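Chemist:
In the numbering used here, the protein residues as written are 1 to 99.
(1) Which residue wins for smallest C-alpha separation from residue 15, given the options 78, 89, 50, 58?
(2) Work out the CA separation of residue 67 and residue 58 for me, nearest whole Å.
(3) Under a three-way DSSP split, which group does residue 38 fall into?
(4) If you follow the alpha helix (DSSP H) that residue 78 is part of, which residue opens it and which one closes it?
(5) Since residue 39 and residue 54 are thought to touch, with beta carbons under 8 Å apart, how far apart are those beta carbons, to the nearest angstrom?
(6) When the Cα atoms are used, what is the spatial distance from residue 71 to residue 82?
(7) Judging by CA-CA distance, which residue of 61, 51, 69 is the nearest neighbour of residue 24?
(8) Is it true that the CB of residue 61 sits closer than 8 Å to the CB of residue 32?
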C-alpha cells in the first residue's frame with residue numbers, strides 16, 4: 001500500500017490532480033477539433049485577406065491542438081513509466097509481460 005501512496009503523490013501532482021488535468025486537456029482538444037471542423041464546413045470568404053486570416057486562425061487552432069495532444073502523450077507516457085516502475089518495485093509484472 002505504501003508504494004501506491006508514493007505513486008499517487010509522485011511528481012508535482014497527485015493522481016486526482018493529474019486526472020483532472022488530463023480531462024481538461026481532452027476537453028480542450030475536443031473544443032479545438034470542433035472549432036476547426038465548423039470552420040472547415042463554412043464556405044471560404046470572398047476576399048483574399050479574409051481567406052488568409054481564416055487560414056491563419058485555423059493553423060493557430062490546429063497548432064494549439066497539436067501542442068495539447070503532445071502534452072497528453074507526455075503525461076500518459078509518464079504515468080505508464082511510473083506504473084511500470086512501481087509494478088517492478090513491488091515484484092508485479094506489467095500486463096504485457098504476462099502474455
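The C-beta atom is built at its ideal place from N, Cα and C for all residues, glycine as well. Owing to the predicted nature of the structure, the values given are computational and were not obtained by experimental measurement.
Modeler: Let's see:
(1) Within the chain shown, residue 15 is the residue found at index 15, counting from 1. Of 78, 89, 50, 58, the smallest CA-CA separation from residue 15 is found for 78.
(2) The residue given as residue 58 occupies position 58 in the chain shown. The residue given as residue 67 occupies position 67 in the chain shown. Near 14 Å, if we compare the C-alpha coordinates of residue 67 and residue 58.
(3) On the chain shown, residue 38 is found 38 positions in, with the first residue counted as 1. Under the three-state reduction of DSSP output, residue 38 falls in the helix class.
(4) Numbered from 1 along the chain shown, position 78 holds the residue referred to as residue 78. Annotation: the continuous alpha helix (DSSP H) that includes residue 78 extends over 48 to 89.
(5) Position 39 of the chain shown holds residue 39. Position 54 of the chain shown holds residue 54. Between residue 39 and residue 54 the beta-carbon gap is near 7 Å, inside 8 Å, which marks them as a contact.
(6) Taking the chain shown and counting its residues from 1, the one referred to as residue 71 is at position 71. Taking the chain shown and counting its residues from 1, the one referred to as residue 82 is at position 82. Distance between the alpha carbons of residue 71 and residue 82: 16 Å.
(7) Within the chain shown, numbered from 1, the residue matching residue 24 stands at position 24. With distances taken between CA atoms, residue 24 lies nearest to 69 out of 61, 51, 69.
(8) Locating residue 32 in the chain shown gives position 32, where the first residue counts as 1. Locating residue 61 in the chain shown gives position 61, where the first residue counts as 1. Pairing residue 32 with residue 61 gives a Cβ-Cβ distance under 8 Å.
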